[in-house]
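Chains as they are written, first to last, in our numbering: chain U, 1 to 332; chain Z, 333 to 621.
Presented below is the structure to which this report refers.
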């Protein structure tokens, strides 16, 4: 069991208010991703849940129990750090066994649990090596191993993939998702990468300046963003925003259209512009278009499109794929 | 990569300084070796003659030699234990965010800047003196008999003085090492359920293993040759109770004017220092992987 509830949680460092008040429910077994730009308070929120920072005001409940002032080790949570935080002078085996040793388990029990965790994570051949002798991905797995042997109520991940190279990151993403399916334990995952959030999460929490902007499933956020910030943050490349007359035609202060929701034409359409850069990837073509009003637009067209630098083209947003926002940035 | 030609040129270029340094070391060493085989006393000039290993036999069979050897090892070992142990504790203490941290750090480091003769004099006259010393005053305050430290516990007193001088060095090195300990590791250990003591023994101490070896190595080099503190306070006495090898060689050469015997003692000291160095290098090799 591992449901986590935050009630009006506030955090300030001296006079600076980092988190002005957050309410959030995380159900047992859910994979929740906190996502937002750097400095939005997502890591602080995770550390508050872990107990590594003291809550200024409000309550944290785990399985209905108030743990607001409990020590980190009493919360039955395991955390994977961005730097992995492995103990450099201990072998992989001792690293993974460390929480069990601290819990006072017998040597036989420790060995059994370490062997099991190593089996799950394909670490068995490396048990007697030191962290310094492992690659980044292997270290990452040791850090996860140290977390899963404790059989915690929930896992906390603090940007665990940001130190890995791009190819490895994709692999580890899949491995962590598979681990979640296998263990069915609650996971709270912090990242600034919206692709990680979209691919892994059951539920995404978008944060900005310590406030929750929107909570929902990845496709909820993609299809019905609550405001301009969420609309611009979720989706890659970012959503395009057009203001002025074109927006007024739709009765809004600004309209947003995702790069994949434009129709291209060389003869007629709603908006006209000049192609600045055309990126031909084979499967897709990305066009960076400057509209005549000066607004830059990114267009993603499927397949190969024979358009080049300097070409004049017409763009029309697809019906039903136009997001309308008022002057405050809220969705209409 | 350097070609063979470039390497040859490089050797040629460094040769003068290497030769100079080699000569600087070889000439005194060769002269000491030469004197150590001579009967050579400044009080009876003109009687110098080759006597083989006689100087060594006299030096090694002198009861003062064994006393001095034991004292040297006790002095080095005692100061190392106090400075490393105390250094770890002090470093842990001043790593904490405490009020007046800057001033406390300066105070802790200050003894290192005081020259050995001065600090030994300060200790002798202001702390350990049985009439005017601070400790005597404290003893009288509680109605106890003041202790004449330098007469009753000469070696322990000198160990105390030298340890006081070297404690800042150990503290400084260990403090910087402590500050390089990854805070995420400590947080991970905290989440893993480790208490303060477990964190200290499982994380902090292993992290300090390497700086501690560095402290031990550097201090040993200097502690083998402690001299000023002994000359200023006890003159090696009473008897040979606070004479170390350095002081014994000094007394042979400059109190008894026995250049031959002192040279033999010097060579023995060099050999002993090398034995200690071999042990230390092996120890360091282990911690440096």
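Just so you know, even glycine gets a beta-carbon here, dropped at the ideal spot from N, CA and C.
Terminal residues of the alpha helix (DSSP H) in which residue i lies
i	result
residue 522 of chain Z	515 to 523
residue 345 of chain Z	336 to 368
residue 31 of chain U	First-last for residue 31 of chain U: 31 to 35, but that is the beta strand (DSSP E), not the alpha helix (DSSP H).
residue 151 of chain U	Element bounds for residue 151 of chain U: n/a, residue is neither H nor E.
Extent of the continuous beta strand (DSSP E) run through residue i
i	result
residue 242 of chain U	240 to 243
residue 529 of chain Z	Where residue 529 of chain Z is concerned, there is no enclosing beta strand (DSSP E), although the alpha helix (DSSP H) it sits in stretches over 528 to 531.
residue 192 of chain U	Careful: residue 192 of chain U lies outside any beta strand (DSSP E) and carries neither H nor E.
residue 463 of chain Z	Per DSSP, residue 463 of chain Z belongs to no beta strand (DSSP E) and is neither H nor E.
residue 157 of chain U	154 to 158
residue 455 of chain Z	Where residue 455 of chain Z is concerned, there is no enclosing beta strand (DSSP E), given that its DSSP letter is neither H nor E.
residue 288 of chain U	284 to 291
residue 84 of chain U	Neither: residue 84 of chain U is in no beta strand (DSSP E) and is coded neither H nor E.
residue 341 of chain U	Shown here, chain U extends from 1 to 332; a query on residue 341 of chain U therefore has no answer.
residue 272 of chain U	271 to 280
residue 297 of chain U	296 to 302
residue 8 of chain U	4 to 13
Inter-residue Cα distance where the pair is residue i and residue j
i	j	result
residue 456 of chain Z	residue 91 of chain U	51 Å
residue 110 of chain U	residue 13 of chain U	39 Å
residue 217 of chain U	residue 201 of chain U	7 Å
residue 385 of chain Z	residue 95 of chain U	58 Å
residue 124 of chain U	residue 243 of chain U	58 Å
residue 105 of chain U	residue 87 of chain U	19 Å
residue 453 of chain Z	residue 564 of chain Z	7 Å
residue 509 of chain Z	residue 550 of chain Z	16 Å
residue 173 of chain U	residue 541 of chain Z	37 Å
residue 412 of chain Z	residue 402 of chain Z	15 Å
residue 532 of chain Z	residue 416 of chain Z	15 Å
residue 612 of chain Z	residue 195 of chain U	54 Å
residue 210 of chain U	residue 72 of chain U	22 Å
CB contact below 7 Å: residue i versus chain Z
i	result
residue 135 of chain U	no
residue 103 of chain U	yes
residue 187 of chain U	no
residue 52 of chain U	yes
residue 13 of chain U	no
residue 192 of chain U	no
residue 81 of chain U	yes
residue 98 of chain U	yes
residue 160 of chain U	no
residue 85 of chain U	yes
residue 131 of chain U	no
residue 250 of chain U	no
residue 306 of chain U	no
residue 72 of chain U	yes
residue 253 of chain U	no
Residue nearest to residue i in terms of C-alpha spacing, selected from the options
i	options	result
residue 312 of chain U	U/326, U/269, U/324	U/269
residue 481 of chain Z	Z/406, Z/474, Z/458, Z/583	Z/458
residue 57 of chain U	U/7, U/98, U/28, U/47	U/7
residue 235 of chain U	U/220, U/258, U/283, U/50	U/258
residue 414 of chain Z	Z/591, Z/490, Z/353	Z/490
residue 463 of chain Z	Z/451, Z/478, Z/473, Z/450	Z/478
residue 284 of chain U	U/266, U/290, U/303	U/303
residue 97 of chain U	U/145, U/227, U/1, U/15	U/145
residue 20 of chain U	U/28, U/26, U/27, U/9	U/9
residue 302 of chain Z	Z/399, Z/373, Z/506	Because chain Z spans 333 through 621 in this model, residue 302 of chain Z falls outside it and cannot be assessed.
residue 599 of chain Z	Z/344, Z/363, Z/345	Z/363
residue 227 of chain U	U/328, U/294, U/301	U/328
With 16 other Cβ atoms within 10 Å as the buried cut-off, status of residue i
i	result
residue 204 of chain U	buried
residue 279 of chain U	exposed
residue 255 of chain U	buried
residue 404 of chain Z	buried
residue 338 of chain Z	exposed
residue 11 of chain U	buried
residue 335 of chain Z	exposed
residue 60 of chain U	buried
residue 131 of chain U	buried
residue 618 of chain Z	exposed
residue 151 of chain U	exposed
residue 497 of chain Z	buried
residue 345 of chain Z	exposed
Minimum Cβ-Cβ distance from residue i to chain U less than 7 Å
i	result
residue 523 of chain Z	yes
residue 538 of chain Z	yes
residue 528 of chain Z	no
residue 519 of chain Z	yes
residue 380 of chain Z	no
residue 516 of chain Z	yes
Partners in chain B for residue i, counting only beta-carbon separations shorter than 7 Å
i	result
residue 69 of chain U	You won't find chain B in this structure, because its protein chains are U and Z.
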